[in-house]
Each structure stands twice: as structure tokens, then as C-alpha cells.
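>
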DNA sequence: GTTCAATATGACTGGCGATTCATCTTTCCG
DNA sequence: CGGAAAGATGAATCGCCAGTCATATTGAAC
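Chains as they are written, first to last, in this note's numbering: chain A, 103 to 319; chain B, 103 to 319.
1) For residue 311 (chain A) and residue 253 (chain B), I'd like the C-alpha separation in whole angstroms.
2) If you measure from the beta carbon of residue 234 (chain A) to each beta carbon in chain B, is any gap under 8 Å?
3) Touch check for the stretch 151-167 of chain B and the stretch 215-234 of chain B: three-plus C-beta pairs under 8 Å?
4) Return the first residue and the last residue of the alpha helix (DSSP H) that residue 224 (chain B) is part of.
5) For residue 126 (chain A), which three-state DSSP category applies?
6) What residues of chain B sit near residue 296 (chain A), judged by a beta carbon separation below 8 Å?
7) Does residue 274 (chain B) pass the burial test, meaning 16 or more other C-beta atoms within 10 Å, or should it be called exposed?
8) Note down, in chain order, each residue of its chain lying with its Cβ closer than 8 Å to the Cβ of residue 228 (chain B), except the 5 sequence neighbours on either side.
9) Counting only Cβ-Cβ distances shorter than 9 Å, please list the residues of the stretch 185-204 of chain B near chain A, keeping chain order.
10) Please tell me whether residue 150 (chain B) has its Cβ less than 8 Å away from any Cβ of chain A.
11) Rounded to whole angstroms, what is the Cα-Cα separation between residue 309 (chain B) and residue 155 (chain B)?
12) Residue 208 (chain B): buried (16+ other C-beta within 10 angstroms of its C-beta) or exposed?
13) Output needed for residue 224 (chain B): all residues of its chain with C-beta closer than 6 Å, excluding positions within five of it in sequence on either side, in chain order.
14) So, at 6 Å on beta carbons, what are the nonlocal neighbours of residue 116 (chain A) in its own chain, with the 5 sequence-adjacent residues on each side left out?
15) Who are residue 312 (chain B)'s beta bridge partners in DSSP?
16) Would a C-beta distance cut-off of 8 Å place residue 303 (chain B) and residue 226 (chain B) closer than the cut-off?
17) Identify the contact partners of residue 275 (chain A) in chain B, using a Cβ-Cβ distance below 8 Å as the criterion.
18) Do residue 279 (chain B) and residue 244 (chain B) count as a contact pair if the criterion is CB distance below 8 Å?
19) Closest to residue 131 (chain A) by C-alpha separation, out of A:153, A:159 and A:171, would be which residue?
20) Looking at the unbroken alpha helix (DSSP H) that takes in residue 183 (chain B), where does it start and where does it end?
21) Please report whether the beta-carbon of residue 105 (chain A) lies at a distance below 8 Å from any beta-carbon of chain B.
22) Cβ of residue 259 (chain A) within 8 Å of Cβ of residue 269 (chain A)?
23) With 8 Å set as the bound, which would you pick, yes or no: does the beta-carbon of residue 231 (chain A) sit closer than that to a beta-carbon of chain B?
24) Are the C-beta atoms of residue 312 (chain A) and some chain B residue less than 8 Å apart?
25) Measuring CA to CA, which of A:213, A:266 and A:249 is closest to residue 197 (chain A)?
26) In three-state DSSP terms, what is residue 104 (chain A)?
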């Protein structure tokens with residue numbers, strides 16, 4: 103019994119959400135620094151190329167410190183996706199608040215999303231890579247996003263601002279549009295102005311794509 | 103000079119595209135088996151979790167055989183993306199051929215894409231993961247896809263089938279839609295029929311999203 | 001049936017990187 | 001102050017896996 107006198111019954115606090123939330127102002131600061139560093143590192147190198155040492159170096163802490171706050175590499179990714187998800191949703195919600203109607207909300211929302219992605223390119227990469235590390239967290243992100251979106255479309259339908267239709271399907275289509283337009287025109291090449299993009303989509307929302315088939319009642 | 107009598111001047115054939123294309127029917131068969139196995143393995147486990155040994159086991163060959171035909175893990179992914187890209191494009195092009203107009207082509211194209219993704223789920227995963235392994239190959243895929251798409255929209259514009267507008271932006275929006283709808287309704291949950299999805303999008307293309315703003319000339 | 005290039009084998013290796021841990025430092029609070 | 005909990009350190013570990021290589025098999029040409 104001499105070999106392991108106190109290896110048992112340790113870790114009394116590290117139960118629920120990772121190896122213990124910080125209990126000190128210093129701890130909270132360090133944890134936040136690591137999270138921020140991870141966002142940047144994952145966003146730049148990608149999840150797999152990025153090592154824990156890259157993150158801790160960027161955060162200015164020792165490797166071991168990482169595990170004071172996060173259970174491992176996957177866990178910090180999950181945390182990151184949750185955090186970033188909250189941020190985008192809050193940001194977009196605020197940008198949409200003073201829209202007079204749904205069309206205007208779509209326009210403002212799309213522009214705000216493109217701008218946000220341009221300013222926070224890590225969002226795209228972290229999110230999309232998370233899909234293949236932990237699919238559930240990825241689904242959660244889009245389902246949370248989509249849920250609010252569907253609610254807004256339902257309201258707009260009630261107000262007579264948009265045509266009745268399958269809003270859930272529409273929402274997934276709309277999210278897909280934004281995603282691709284963001285990738286192409288906010289991250290890859292800014293060779294088309296955001297205004298032009300928004301105008302093009304706005305025209306689609308107002309008039310559709312086809313010339314005939316206008317079944318104006 | 104006794105140490106390395108013939109280590110130089112070897113590899114006379116393995117220059118351009120990987121460690122030598124097969125020069126035998128048997129070789130061609132083996133290479134194809136490995137490629138197919140990689141598609142399945144990457145599609146199931148994902149690129150990073152999948153080991154070369156998983157691929158060779160699925161193909162029924164030894165580990166070393168892999169390197170007779172592919173320079174490494176990244177290279178086979180590139181090959182796979184190119185291959186799969188050709189296949190989808192060919193398949194969709196064929197499905198669209200006998201469409202009477204652009205709207206019908208969009209409807210058939212979307213339905214065919216959803217069906218194809220349902221039957222070949224690996225396509226999505228391989229392609230999306232390739233984005234973070236070799237971004238260029240991913241861009242190539244969508245730019246090739248988009249180029250043909252834009253051409254078709256241009257023709258439709260000329261024929262007066264669709265409203266004039268920025269077809270490039272439209273194409274990226276459309277590709278984004280299909281991508282997300284495919285992920286959600288063909289890969290995750292088939293809780294909405296493909297017909298319903300196609301109808302919803304068709305309505306969007308014909309009439310837009312809004313109720314007012316019909317600027318019928 | 002002999003020969004040789006192409007193909008196939010699978011044990012081995014080298015390095016990378018996530019995680020651990022014994023130890024030291026800081027902070028908090030009475 | 002004193003000492004205990006919380007936080008920080010970074011060298012060491014350890015499993016994994018992409019890629020290599022010496023050797024064996026195949027099969028087609030002659």
C-alpha cells in the first residue's frame with residue numbers, strides 16, 4: 103500500500119463542466135485568454151494542425167495550464183462553438199431589431215452576417231471543422247439558429263409580410279445561402295461588394311428568379 | 103562508393119501524377135479498389151480518424167500497396183475529390199438534360215442532388231473535409247461547378263426565362279442552398295419529402311418570398 | 001520454362017502531439 | 001503574518017500512425 107497513498111478520492115470539484123470552473127479572478131482571466139487563443143489558433147491553423155502547445159503559446163501560459171480549465175482539445179472546441187454561436191446570434195439579433203419588415207430584416211441580416219464573417223473569419227473555420235469532430239455541437243448551432251429564424255418567419259407570415267410556405271425548409275435554404283455567400287465573398291475574395299450581394303438576394307426575395315409564372319392573386 | 107551503388111537514378115517513371123499510374127490491368131484494378139475503399143473509409147470515419155491501414159484493410163491489400171499508387175494520404179483525398187466531382191457533375195448534367203426551361207432544370211437538379219447525396223453520403227463528408235486539408239481542391243470543385251451553372255443561367259437569361267441579375271452571386275447562393283438542404287434533409291433526417299423541398303424552392307424561384315413588392319411590369 | 005518488370009507484402013520506425021504529474025508560485029482570508 | 005486552496009509550470013510519457021523497405025509473388029513476353 104505504500105505505492106499509492108493518496109491517488110484515490112482526489113478531484114472532488116472537477117465534476118460537471120470540465121476540470122472545474124475558475125474560482126478566482128485570475129483564473130477567469132487565464133481561462134478567457136486560452137479560449138481567445140484557441141479561437142485564433144484554430145481559425146488560422148485549423149483544428150487538427152493546431153497543437154495544444156500552439157494555443158498555450160499564443161495565450162502566454164504553460165502547456166499544463168490548459169488542462170486546469172479544459173478537459174482536452176475536443177472540449178475547448180465545443181466551448182468555442184457555443185461561445186461563438188451566442189455571439190453571432192446576439193450580434194445579428196441586434197442588427198435586425200429596427201427592421202421595419204421581414205424583407206428589410208433579411209437584407210440587414212445578410213449584410214451583417216457577411217460583415218461579421220469578414221471581421222471574424224475564425225467563426226467559419228471553427229464551426230465547419232467542429233462538424234467533423236463533434237457533429238452534435240454543429241447541429242445544435244444550426245438548430246438553435248434555425249429555431250429563432252423559423253419563429254421570425256412565422257411572425258412575418260402572420261403579419262402578411264411573406265408568402266405562406268414551409269418556413270423550416272426555407273430557413274435551411276437561407277442559412278445555406280448565407281454560409282456560401284460568406285465563404286465566397288467575405289472570406290475568399292471580396293471582389294463583389296456586400297451591397298451588390300444583398301441587392302441580388304433582395305431581388306430574389308421580392309421577385310423570385312423566373313420572369314413568367316407571376317401568379318399575382 | 104560501396105555504400106550506395108544503386109540508390110541514385112531510380113524512380114525513372116514515377117514523376118508526374120503520383121508514384122506511377124498502373125501499367126497493368128491488375129494494377130488498375132487494385133488502384134480502383136483502394137480509391138473506392140478510401141471513399142468509404144473517409145466517408146464513414148472522416149479523413150483524420152481514418153488511417154491508411156483502415157483503407158487498405160477495406161480494400162483487402164497490404165499497407166505498403168497503398169504507396170504503390172498514391173503518394174500519401176493527402177494525395178488520395180485530392181484524387182477522390184476530383185473523381186467524385188466529375189461524377190456528380192456528370193450525373194446532374196444528365197438529369198437536367200431534358201428540362202424544358204430553367205425552372206424545371208432547377209427543380210430536377212435539386213431533386214437529383216438530394217437523391218444523389220442520399221445514395222452517396224460520402225460525397226458530402228469527403229468534400230467538406232477536403233476544404234481544411236487542401237483548400238485549393240475544394241475551391242476548384244465549386245468553381246468548376248459554379249462556372250457551368252453560371253453559363254446555364256446566362257443562357258436562361260438570354261432566352262428570357264429568368265430575370266436579369268448577377269448570376270454569379272445567384273449561383274453561389276443556389277449552391278449554398280442545395281448544400282444545406284442536402285445536409286439537413288438527405289443526410290441528417292429524412293423527415294421532409296424531397297418533393298416538399300423542391301416545391302418550396304420552386305415557389306421561391308417563381309414568386310419570391312415576400313407578398314407585396316410584386317413589380318410585375 | 002526462364003526472366004524481369006510490375007505488383008504485393010507486412011513488420012518496422014520515427015516523430016509528433018495530447019495528456020500527465022510532481023513541483024513551484026500566487027492569491028485569498030482570517 | 002501563515003497556511004491552505006487555487007493556479008501555473010514544463011519536462012516526461014505514451015500511444016498512434018504515416019510512411020519505408022527488404023523481400024516475396026505474379027504474370028506476360030519470348
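Backbone N, C-alpha and C define an ideal beta-carbon position, used for all residues, glycine too.
Predicted model only: the values in this text are computed from it and were never measured.
Checking against the coordinates, here is how it stands:
1) As a first step, residue 311 (chain A) must be located in the first chain, where it is residue number 209. As a first step, residue 253 (chain B) must be located in the second chain, where it is residue number 151. Here the C-alpha atom of residue 311 (chain A) lies approximately 15 Å from the C-alpha atom of residue 253 (chain B).
2) The residue labelled residue 234 (chain A) in the question sits at position 132 within the first chain. Yes - at least one Cβ of chain B is within 8 Å of the one on residue 234 (chain A).
3) Between the stretch 151-167 of chain B and the stretch 215-234 of chain B there are fewer than three inter-stretch CB-CB distances shorter than 8 Å, so the stretches are not counted as touching.
4) Here residue 224 (chain B) refers to the residue found at position 122 when the second chain is read from its first residue. Start and end: 224-235.
5) By one-based count along the first chain, residue 126 (chain A) stands at place 24. Secondary structure at residue 126 (chain A): coil, using DSSP grouped into helix, strand and coil.
6) For this step, residue 296 (chain A) is matched to residue 194 along the first chain. Under the 8 Å cutoff, chain B gives no residues; its nearest Cβ is about 11 Å from residue 296 (chain A).
7) Position 172 of the second chain holds residue 274 (chain B). Its Cβ being crowded by 16 or more others within 10 Å, residue 274 (chain B) is buried.
8) Here residue 228 (chain B) corresponds to residue number 126 of the second chain, with the count starting at 1. Within the same chain, 141, 144, 145, 149, 179, 182, 183 and 186 come within 8 Å of residue 228 (chain B) by CB-CB distance, once the 5 residues on both sides are set aside.
9) The residues in question are 203 and 204.
10) Start at 1 with the first residue of the second chain, and residue 150 (chain B) comes out as number 48. With respect to chain A, the C-beta atom of residue 150 (chain B) has a partner C-beta closer than 8 Å.
11) In the second chain, counting from the first residue as 1, residue 309 (chain B) sits at position 207. In the second chain, counting from the first residue as 1, residue 155 (chain B) sits at position 53. Distance between the alpha carbons of residue 309 (chain B) and residue 155 (chain B) is about 53 Å.
12) Along the second chain, read from residue 1 onward, the residue named residue 208 (chain B) stands at position 106. With 16 or more other CB atoms across the displayed protein chains lying within 10 angstroms of its CB, residue 208 (chain B) is buried.
13) Sequence index remark: in the second chain, residue 224 (chain B) carries index 122 (1-based). Same-chain partners within the cutoff: 141 and 145.
14) Residue numbering aside, residue 116 (chain A) sits at position 14 when the first chain is read from its first letter. Confidence in residue 116 (chain A) is poor, its pLDDT being 33 and thus under 50, which makes the residue's placement unreliable; the coordinate value appears in the next sentence. Residues of the same chain with a CB within less than 6 Å of the CB of residue 116 (chain A), apart from the 5 flanking positions on each side, are 122 in chain order.
15) Position 210 of the second chain, counted from the start, is the residue given in the question as residue 312 (chain B). When DSSP reads this structure, residue 312 (chain B) sits in a beta bridge with A:264.
16) As a working mapping, residue 303 (chain B) is identified with position 201 in the second chain. As a working mapping, residue 226 (chain B) is identified with position 124 in the second chain. No, Cβ-Cβ distance for residue 303 (chain B) and residue 226 (chain B) is not below 8 Å.
17) The residue you call residue 275 (chain A) lines up with position 173 of the first chain. By Cβ distance, chain B contributes 279, 282, 283, 302, 303 and 306.
18) Taking the second chain and counting its residues from 1, the one referred to as residue 244 (chain B) is at position 142. Taking the second chain and counting its residues from 1, the one referred to as residue 279 (chain B) is at position 177. Judged by their CB atoms, residue 244 (chain B) and residue 279 (chain B) are not nearer to each other than the 8 Å cut-off.
19) As a first step, residue 131 (chain A) is located in the first chain; it is residue number 29 there, counting from the start. Minimum Cα distance to residue 131 (chain A) is reached at A:171.
20) On the second chain, position 81 is the one that residue 183 (chain B) refers to. Taken as a continuous stretch (DSSP letters only), the alpha helix (DSSP H) holding residue 183 (chain B) covers 175-198.
21) Counting from 1 along the first chain, the entry for residue 105 (chain A) is found at position 3. For residue 105 (chain A), the predicted structure reports a pLDDT of 32, less than 50, and the residue's modelled location is therefore unreliable. A value from the coordinates is still provided. With a threshold of 8 Å between beta carbons, residue 105 (chain A) makes no contact with chain B.
22) Reading the first chain from its first residue, position 157 is the one you call residue 259 (chain A). Reading the first chain from its first residue, position 167 is the one you call residue 269 (chain A). A distance below 8 Å separates the beta carbons of residue 259 (chain A) and residue 269 (chain A).
23) In the first chain, the residue the question calls residue 231 (chain A) occupies position 129. In terms of beta-carbon proximity, residue 231 (chain A) lines the interface with chain B, with at least one pair separated by less than 8 Å.
24) By 1-based counting over the first chain, the position of residue 312 (chain A) is 210. Chain B contact via Cβ: present.
25) For the purposes of this step, residue 197 (chain A) is taken as the residue at position 95 of the first chain. Closest option to residue 197 (chain A), Cα to Cα, is A:213.
26) Residue numbering aside, residue 104 (chain A) sits at position 2 when the first chain is read from its first letter. Because the pLDDT of residue 104 (chain A) is 32, which lies under 50, any placement of that residue in the model is unreliable, and the number read from its coordinates should be weighed accordingly. In this structure, DSSP gives residue 104 (chain A) a state outside helix and strand, which the three-state scheme calls coil.
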